[in-house]
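Residue numbers (my numbering): 1437 to 1510. Everything below concerns the one structure shown next.
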Amino acid sequence: MKVTVRLFATLRKGRFKEQVFDYEEGTTVADVIEQLNIPHKELGIVFLNGKHTELQQTLHDVDILSIFPPVGGG
């Protein structure tokens, strides 16, 4: 199944902005994050098809996974 993965801000460094991957059925959001070697401390919020999602969520064909780092400000 084809899944588009979009990385934002600091998560793009040394990786990519947007890329389509071919995953096996049953792949979860957590599996993708692990494959991309994104440490949990660098993980902020994750959206699946524009909606907040949990790491245990199973992905489906043509999903769009957006991964953001923690956001700070003042």
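Ideal Cβ positions, reconstructed from N, Cα and C, are used throughout, including at glycine. Bear in mind the structure is a predicted one, so any value in this text is a computation, not a measurement.
Please list the terminal residues of the continuous beta strand (DSSP E) segment that includes residue i.
i, result
"residue 1458", "1454–1458"
Among the options, which residue has its Cα nearest to the Cα of residue i?
i, options, result
"residue 1460", "1506, 1439, 1500 and 1482", "1439"
"residue 1474", "1508, 1455, 1449 and 1507", "1449"
"residue 1484", "1466, 1472, 1446 and 1478", "1466"
"residue 1494", "1468, 1464 and 1437", "1464"
"residue 1487", "1500, 1476 and 1496", "1500"
"residue 1441", "1492, 1456 and 1472", "1456"
"residue 1437", "1476, 1458 and 1453", "1458"
"residue 1472", "1492, 1447 and 1508", "1447"
Assuming residue i contacts residue j under a Cβ cut-off of 8 Å, what Cβ separation, rounded to an integer in Å, is found between them?
i, j, result
"residue 1481", "residue 1443", "Between residue 1443 and residue 1481 the Cβ distance is about 12 Å, and since that is not below 8 Å, they are no contact."
"residue 1527", "residue 1505", "There is simply no residue 1527 to check, as the chain begins at 1437 and stops at 1510 in what is shown."
Item to complete: With a floor of 4 residues, list each alpha helix (DSSP H) that falls wholly inside the stretch 1439–1509, ordered by position along the chain.
Response: Taken in chain order, the complete alpha helix (DSSP H) segments of 4 residues or longer contained in the stretch 1439–1509 are 1465–1471.
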